[in-house]
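Going by our numbering, 225 is the number at position 183 of the sequence shown; the sequence numbering is gapless. Note that CB positions come from ideal geometry on N, CA and C, so glycine has one too.
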Amino acid sequence: MSNDEEVKLWEEMKLRILFDHKSIKDHATEVYKEMLQSGLSPYCYTIAKEAWEILQIAHEGTSKVKSSKLQMLTTEFENLRMTDDEAFKDFYARLCDISNQAHSLGEKYSESKLVRKVLRSLPNRFHSKVTAIEESKDIDEIKIEELVGSLMTYELNLGTRRKEKATCIAFRVEEEKMNAMIVIQLLILH
């Protein structure tokens, strides 16, 4: 195998390593097997191992750094709450970001854990919807996508009702002003 072919093979393996979602251990095993089957020289094994270690540390950091990152993400996950003025989609984006970061470090949150976190973290305006979901569905069986869709629909309907209520209040205030003006005019005339 020529040096150009070895470099090309190594580049292909690097791309697979970086973009595949398997665990690092699985990647190392695959790379090792491919190298053995391709007939690369022993010198390439050393270079590949060094490159792998560099990629691993660059991507995840040392085990202490990884552990610290996971601890920080766990704390961030536990403290995550949706604020009163926050849109649900923004809250869900923050939750997904934390979950994805944890997953990239080897910590995968279960569907049930994410569903429970969402239900616990919503502000009071979602209280009736949360109660309805908890009473009508098995929380351990509900999919996060189903919950997210339901809550986004609820929030849209809630927003529509608030706008209608605000419009109704505005009309009522305007009507009261007009009535007050009529009373004042009648008092002036008499």
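Candidates the options: closest to residue i by CA position
i, options, result
"Tyr-151", "Leu-164, Leu-137, Ser-163, Glu-177", "Leu-137"
"Ser-154", "Gly-148, Gln-143, Ile-181", "Ile-181"
"Glu-76", "Glu-54, Asn-199, Val-172, Leu-156", "Glu-54"
"Ser-163", "Ile-230, Glu-176, Glu-120, Ser-110", "Glu-120"
"Glu-197", "Lys-50, Ile-175, Lys-171", "Lys-171"
"Lys-108", "Glu-47, Leu-147, Leu-122", "Leu-147"
"Glu-187", "Arg-158, Asn-199, Ile-89, Ile-96", "Arg-158"
"Gln-125", "Glu-95, Leu-97, Ile-96, Asn-166", "The question names Gln, but residue 125 in the sequence shown is Thr. Taking only the C-alpha atoms, the option nearest Thr-125 is Asn-166."
"Lys-118", "Asp-139, Asp-127, Lys-106", "Note on residue identity: the sequence assigns Glu, not Lys, to residue 118. Among Asp-139, Asp-127, Lys-106, the Cα nearest to that of Glu-118 is on Asp-139."
Supposed close pair residue i, residue j - CB separation, criterion 8 Å
i, j, result
"Leu-161", "Ser-141", "Actually they do not touch by this definition, with Cβ atoms about 15 Å apart."
"Ala-144", "Leu-115", "5 Å"
"Tyr-133", "Met-194", "Checking the sequence, you will find Phe at residue 133 rather than Tyr. At roughly 11 Å, the Cβ-Cβ gap does not stay under 8 Å, so Phe-133 and Met-194 are not in contact."
"Glu-149", "Leu-112", "6 Å"
Secondary structure of residue i, DSSP reduced to three states
i, result
"Lys-131", "helix"
"Tyr-151", "coil"
"Leu-122", "coil"
"Glu-72", "helix"
"Leu-164", "coil"
"Ile-184", "coil"
"Lys-111", "helix"
"Ile-179", "Note that residue 179 corresponds to Lys in the displayed sequence, not to Ile. If DSSP states are grouped into helix, strand and coil, Lys-179 belongs with coil."
Any non-hydrogen atom of the ligand PLP closer than 7 Å to residue i Cβ
i, result
"Arg-167", "No copy of the ligand PLP appears in this structure; indeed no ligand is present at all."
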